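S.K.:
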Amino acid sequence: MNIVMITACPSGVANSILAAGLLEQAAAKLGWNAKVECQSSVIDSTPLSTSDIEQADLVVVASDVAIDLSRFAGKKLYQGAINEVIADSVAFLNSASEKAEVLAESEAKAAASSETKKIVAITACPTGVAHTFMAAEALEEEGKRRGHQIKVETRGSVGAKNQLTDQEIADADLVIIAADIEVPLDRFNGKKMYRTKTGPALKKTAEEMDKAFVEASVLSTLGH
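UniProt numbering applies: residue 1 is where the sequence shown begins, and numbers increase by one.
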């Protein structure tokens with residue numbers, strides 16, 4: 001049997017890589033021909049080719065984050081959590097073979113649209129140079145890696161660069177403010193917002209983005 005597998009976790013580090021290795025070993029034990037795409041921020045993984053997907057009898061997804069499944073429309077697909085793979089990878093694949101269902105095109109599109117979020121962010125530090133730009137780049141890379149649309153405005157002594165438009169703010173599902181100085185927030189009134197500093201946004205980017213989706217609260221600047 002030909003199968004294709006995807007692993008993904010919030011940080012794109014340990015669990016995703018571990019699960020990919022376990023699934024490859026399990027597929028070999030079962031005598032299945034497997035191709036793996038490990039969505040990771042620390043290793044280069046070759047994405048599945050169109051031909052890999054076309055030839056696959058089964059698509060297996062082990063993921064703790066939402067991923068775009070639209071390319072698998074019409075294929076038999078099974079999705080489970082990474083900890084299930086770590087517990088017993090052979091049992092996970094056997095279960096996938098038994099329980100996989102054809103992914104309808106409408107479901108694939110709905111999943112893709114619900115998983116892709118629009119994020120706007122501001123990074124700012126007193127000088128508006130190193131930390132501001134590095135944090136902005138880190139947030140942009142992490143957002144894009146997860147399949148989201150993201151735009152980051154940088155602010156500091158050199159003024160505001162890559163400025164957010166009113167339309168971009170209106171369309172945003174989430175606002176992230178990573179700032180070591182006060183920045184005006186009135187234009188984000190009524191938006192879901194998460195506030196942090198440039199340090200965590202730069203050094204713990206994946207963790208901060210996870211927290212942003214969970215902990216963001218609606219901003220009200222009325223009366224301030």
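From the three backbone atoms N, C-alpha and C, an ideal C-beta is built for every residue, glycine too.
All values reported here derive from a predicted model rather than from experimental measurement.
Quick one: Cα of residue 19 to Cα of residue 59, how far?
M.R.: 15 Å
S.K.: Could you check the C-alpha separation between residue 198 and residue 100 for me, to the nearest Å?
M.R.: 43 Å
S.K.: Could you tell me whether the segment 19 to 32 touches the segment 86 to 97, using the rule of 3 or more Cβ pairs below 8 Å?
M.R.: Yes, the segment 19 to 32 is in contact with the segment 86 to 97.
S.K.: Looking only at DSSP bridge pairs, what is residue 33 linked to?
M.R.: 2
S.K.: Determine the DSSP secondary structure at residue 39, reduced to helix, strand or coil.
M.R.: strand
S.K.: Return the CA-CA distance between residue 96 and residue 45, expressed in angstroms with no decimal places.
M.R.: 23 Å
S.K.: Would the segment 126 to 142 and the segment 195 to 209 be scored as touching if the rule is three or more Cβ pairs under 8 Å?
M.R.: yes
S.K.: For the beta strand (DSSP E) containing residue 174, name the first residue and the last one.
M.R.: Under the DSSP assignment, residue 174 falls in the beta strand (DSSP E) whose first and last residues are 174 to 179.
S.K.: Count the other CB atoms, across all protein chains shown, that sit within 10 Å of the CB of residue 79; report buried if there are 16 or more and exposed otherwise.
M.R.: buried
S.K.: Less than 9 Å separating the beta-carbons of residue 103 and residue 205?
M.R.: no
S.K.: Which residues mark the beginning and the end of the beta strand (DSSP E) in which residue 62 is found?
M.R.: 58 to 63
S.K.: Please go through the same chain and pick out, in chain order, the residues whose beta-carbon is closer than 8 Å to the beta-carbon of residue 227, but skip the five residues on each side of it.
M.R.: Not covered by the structure: residue 227. The range shown for the chain is 1 to 224.
S.K.: Looking at the strands, I want to know which residues DSSP matches up with residue 124.
M.R.: 155, 179
S.K.: Residue 186: buried (16+ other C-beta within 10 angstroms of its C-beta) or exposed?
M.R.: exposed
S.K.: Grouping DSSP H, G and I as helix and E and B as strand, with all else coil, what is residue 129?
M.R.: Reduced to three states, the DSSP call for residue 129 is coil.
S.K.: Identify the continuous beta strand (DSSP E) that holds residue 196 and give its terminal residues.
M.R.: 192 to 196
S.K.: Drop a sphere of 10 angstroms on the beta-carbon of residue 215, count the other beta-carbons inside from all chains shown, and report buried for 16 or more, exposed for fewer.
M.R.: exposed
S.K.: How far does the beta strand (DSSP E) with residue 75 in it reach, from first residue to last?
M.R.: Residue 75 -> no beta strand (DSSP E), and no H or E assigned at all.
S.K.: Where does the unbroken alpha helix (DSSP H) through residue 211 begin, and where does it stop?
M.R.: 205 to 215
S.K.: In the DSSP assignment, find the unbroken alpha helix (DSSP H) run with residue 82 in it and report its ends.
M.R.: 82 to 87
S.K.: Is it buried or exposed for residue 33, if we count other Cβ within 10 angstroms and need 16 for buried?
M.R.: exposed
S.K.: Could you check how far apart the C-beta atoms of residue 6 and residue 61 are, in whole angstroms? I think they sit under 8 Å.
M.R.: That pair is a contact at about 5 Å.
S.K.: Tell me residue 149's beta-bridge partners as DSSP assigns them.
M.R.: Residue 149 pairs with 118.
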